[in-house]
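Have a look at the structure below before the remarks.
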Amino acid sequence: MVSAELAIGFAVLAVHAAVILRAMLVEDREPMARTAWLLLLVALPVLGVILYLLFGEPWISTGFRDRSRAAYEALLPMAPAGISETKLAEPVVNAFRTCTAVSRWPASGGNSGRVAAGADDAIDMIVADIDAAERTVHLSIYIWLTDRNGGRVAEAICRAARRGVTCRVVADAIGSRAMIRSPLWRGMRDAGARMCPSLKAPLGLGFLAGHRVDLRNHRKIVVVDGRIAYCGSENCADAAFRIKPKFAPWVDIMIRYEGPVVRQTELIFASAWTTETGEDLTSDIVAEPVPSASDGFPAIAVGNGPLSPRGSMTEMFVAVLAAARDRVTITTPYFAPDPPLIGAIVAAGRRGVKVTIVFPRRCDSRILGAIARAYYPILARADVHIFEFNGGLLHAKTLVVDDRLALVGSSNMDRRSLDLNFENNVLFETAELAGQVIDHQRRWLADATEIDRAVVAARPMPRRLADNVLTMVAAVF
Numbered sequence: 282m283v284s285a286e287l288a289i290g291f292a293v294l295a296v297h298a299a300v301i302l303r304a305m306l307v308e309d310r311e312p313m314a315r316t317a318w319l320l321l322l323v324a325l326p327v328l329g330v331i332l333y334l335l336f337g338e339p340w341i342s343t344g345f346r347d348r349s350r351a352a353y354e355a356l357l358p359m360a361p362a363g364i365s366e367t368k369l370a371e372p373v374v375n376a377f378r379t380c381t382a383v384s385r386w387p388a389s390g391g392n393s394g395r396v397a398a399g400a401d402d403a404i405d406m407i408v409a410d411i412d413a414a415e416r417t418v419h420l421s422i423y424i425w426l427t428d429r430n431g432g433r434v435a436e437a438i439c440r441a442a443r444r445g446v447t448c449r450v451v452a453d454a455i456g457s458r459a460m461i462r463s464p465l466w467r468g469m470r471d472a473g474a475r476m477c478p479s480l481k482a483p484l485g486l487g488f489l490a491g492h493r494v495d496l497r498n499h500r501k502i503v504v505v506d507g508r509i510a511y512c513g514s515e516n517c518a519d520a521a522f523r524i525k526p527k528f529a530p531w532v533d534i535m536i537r538y539e540g541p542v543v544r545q546t547e548l549i550f551a552s553a554w555t556t557e558t559g560e561d562l563t564s565d566i567v568a569e570p571v572p573s574a575s576d577g578f579p580a581i582a583v584g585n586g587p588l589s590p591r592g593s594m595t596e597m598f599v600a601v602l603a604a605a606r607d608r609v610t611i612t613t614p615y616f617a618p619d620p621p622l623i624g625a626i627v628a629a630g631r632r633g634v635k636v637t638i639v640f641p642r643r644c645d646s647r648i649l650g651a652i653a654r655a656y657y658p659i660l661a662r663a664d665v666h667i668f669e670f671n672g673g674l675l676h677a678k679t680l681v682v683d684d685r686l687a688l689v690g691s692s693n694m695d696r697r698s699l700d701l702n703f704e705n706n707v708l709f710e711t712a713e714l715a716g717q718v719i720d721h722q723r724r725w726l727a728d729a730t731e732i733d734r735a736v737v738a739a740r741p742m743p744r745r746l747a748d749n750v751l752t753m754v755a756a757v758f
């Protein structure tokens with residue numbers, strides 16, 4: 282009996298030691314994240330090992346990686362021609378180069394865009410474009426609810442499919458699980474739409490599907506006939522967001538694009554679709570050059586995720602921030618930055634750039650809300666202007682630099698978007714479209730309260746201790 286207990290004890294210790302060794306040996310992990318996991322594993326051996334095995338690394342099966350790589354390589358030749366860097370303003374060249382390094386296609390010129398006035402207006406625009414579709418509708422959504430707006434998009438898909446339009450629909454298997462189980466989903470499939478629940482995995486048993494269960498498809502993409510694309514933060518749902526009504530209304534932003542950036546967005550969709558379904562879309566993507574406007578602006582669409590080189594999303598944020606000369610305005614609902622990102626924000630403030638960040642006052646994730654506030658003193662000491670939006674959950678992810686350069690899409694400034702989720706964003710340079718984003722930011726600021734930087738910088742010792750612990754463990758979330 283004693284020998285059996287000793288054997289079990291030695292086995293547990295061996296597993297614990299092996300997991301600690303693994304956490305220490307993983308390459309490309311920043312020291313802060315390595316330290317956070319090591320502390321967790323030492324302080325809570327059993328729970329720490331379980332959490333590490335489930336969430337410690339963004340693991341994806343070799344088969345999934347190989348399929349994704351092959352699909353992307355096959356689609357790359359269909360990317361539109363790039364714009365000469367001589368047509369880009371000098372301060373922004375490196376931001377576009379960084380996005381090119383991630384996407385592997387260059388920025389394109391000749392684009393146009395328009396920001397939807399609000400959540401319902403965005404759905405109105407999407408439904409109208411789907412109703413006018415003649416050839417294809419490609420849609421990828423993280424959260425799709427069976428409410429009014431969710432139903433309107435589903436019904437538009439049904440109408441398009443019935444008149445012969447090829448409709449391909451991707452919805453995240455976790456974020457849209459209620460929709461996937463609903464009559465609306467079956468109705469779209471019965472109407473002829475091709476439906477794909479993305480990243481399916483039994484709860485807690487992601488290894489059975491070849492990936493971590495919490496690696497999600499967070500993208501928001503709509504492409505119609507290869508000539509119109511939408512990118513932003515809005516899901517297919519009412520602003521009331523009935524699954525979390527306490528935080529309503531959810532405040533989002535969605536941009537409608539035309540021009541070569543549409544082709545780039547469609548390639549992001551097509552790569553993911555082929556990876557998950559095996560269907561080759563190269564024949565469905567029009568080979569002719571995408572129409573572009575002579576007075577259009579430069580833009581680049583980028584899809585990133587756990588298969589991208591580690592730190593890619595951070596590098597894009599940092600490159601855009603490095604281009605700032607006068608002002609930066611950021612909105613993000615979730616803020617748990619890695620050291621390079623918080624360093625870039627602080628550096629901008631210290632070199633005299635007016636940096637303004639707007640967070641939601643009420644965050645639907647209590648731990649992420651607390652982590653964001655733990656960074657307030659760091660931001661305050663760099664003279665960053667911190668605001669909390671009072672009107673609901675400010676869910677828009679926007680970064681505007683010097684009233685011309687903007688990065689808008691699905692990525693938050695937290696560890697999930699930086700390292701784990703599949704995301705899509707568009708970087709563009711134009712005063713006109715950036716001005717439309719700024720108009721939204723100004724409205725949000727008008728309903729926000731500025732945080733007293735002197736007060737948060739002079740925290741009492743207990744609060745300082747709690748904040749420092751939160752910033753340490755932020756690497757785990």
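Counting in our numbering, the sequence shown runs from 282 upward without gaps.
Glycine residues also receive a C-beta, built at the ideal position from the N, C-alpha and C atoms.
If I measure Cβ to Cβ from residue i and keep anything under 8 Å in the same chain, skipping five residues before and after, which residues do I get?
{"i": "Ile732", "result": "Tyr657, Ala661, Ile667, Phe668 and Glu669"}
{"i": "Asn693", "result": "Thr613, Pro614, Tyr615, Phe616 and Lys678"}
{"i": "Arg740", "result": "Pro658 and Asp748"}
Which same chain residues, not among the five before or five after residue i, have their C-beta less than 6 Å away from its C-beta?
{"i": "Ala510", "result": "Val504, Tyr538, Val543 and Thr546"}
{"i": "Gln722", "result": "Thr610"}
{"i": "Leu420", "result": "Val450 and Val503"}
{"i": "Val300", "result": "Val330 and Tyr333"}
{"i": "Gly630", "result": "Val636, Ala663, Asp664 and Val665"}
{"i": "Asp309", "result": "Arg591"}
Could you tell me whether the Cβ atoms of residue i and residue j are closer together than 7 Å?
{"i": "Trp425", "j": "Ser457", "result": "yes"}
{"i": "Ser573", "j": "Lys678", "result": "no"}
{"i": "Thr381", "j": "Met597", "result": "no"}
{"i": "Ala441", "j": "Leu465", "result": "no"}
{"i": "Ala400", "j": "Asp533", "result": "yes"}
Would you please state the rounded distance, in angstroms, between the beta carbons of residue i and residue j? I believe it to be under 8 Å.
{"i": "Ala452", "j": "Ile461", "result": "6 Å"}
{"i": "Leu675", "j": "Asp645", "result": "That pair is no contact at about 11 Å."}
{"i": "Ala352", "j": "Ser552", "result": "5 Å"}
To the nearest angstrom, how far is the alpha carbon of residue i from that of residue j?
{"i": "Ala459", "j": "Thr427", "result": "7 Å"}
{"i": "Ala398", "j": "Phe709", "result": "19 Å"}
{"i": "Arg416", "j": "Leu562", "result": "13 Å"}
{"i": "Ala518", "j": "Gly390", "result": "32 Å"}
{"i": "Gly586", "j": "Gly559", "result": "19 Å"}
{"i": "Ala324", "j": "Gly690", "result": "38 Å"}
{"i": "Met761", "j": "Arg315", "result": "Because the chain in this structure spans residues 282 to 758, residue 761 falls outside the shown range and cannot be described."}
{"i": "Arg443", "j": "Asp402", "result": "25 Å"}
{"i": "Ser479", "j": "Thr555", "result": "11 Å"}
{"i": "Ile638", "j": "Ile524", "result": "27 Å"}
{"i": "Ala529", "j": "Leu688", "result": "25 Å"}
Run the CB neighbour count on residue i, radius 10 Å, all protein chains shown included, and call it buried at 16 or more, exposed below.
{"i": "Asp700", "result": "buried"}
{"i": "Met469", "result": "buried"}
{"i": "Asn671", "result": "exposed"}
{"i": "Asn749", "result": "exposed"}
{"i": "Ser365", "result": "exposed"}
{"i": "Asp576", "result": "exposed"}
{"i": "Pro312", "result": "exposed"}
{"i": "Thr730", "result": "exposed"}
{"i": "Pro614", "result": "buried"}
{"i": "Ala414", "result": "buried"}
{"i": "Ala474", "result": "buried"}
{"i": "Phe703", "result": "buried"}
{"i": "Leu321", "result": "buried"}
{"i": "Arg685", "result": "buried"}
{"i": "Thr367", "result": "exposed"}
Any Cβ of chain D within less than 7 Å of the Cβ of residue i?
{"i": "Val396", "result": "The displayed structure is made up of one protein chain only, and chain D is not part of it."}
Leaving out the 5 sequence neighbours to the left and right, which residues in its chain are closer than 7 Å to residue i when beta-carbon positions are compared?
{"i": "Asp683", "result": "Ala605, Arg606, Asp607 and Arg608"}
{"i": "Phe488", "result": "Note that Phe488 scores a pLDDT of 49, beneath 50, so its modelled location is shaky and nothing firm can be said."}
{"i": "Ala655", "result": "Asp748, Leu751 and Thr752"}
{"i": "Asn516", "result": "Ile422, Tyr423, Ile424, Trp425 and Lys501"}
{"i": "Asp506", "result": "Ala414, Glu415, Arg416 and Thr417"}
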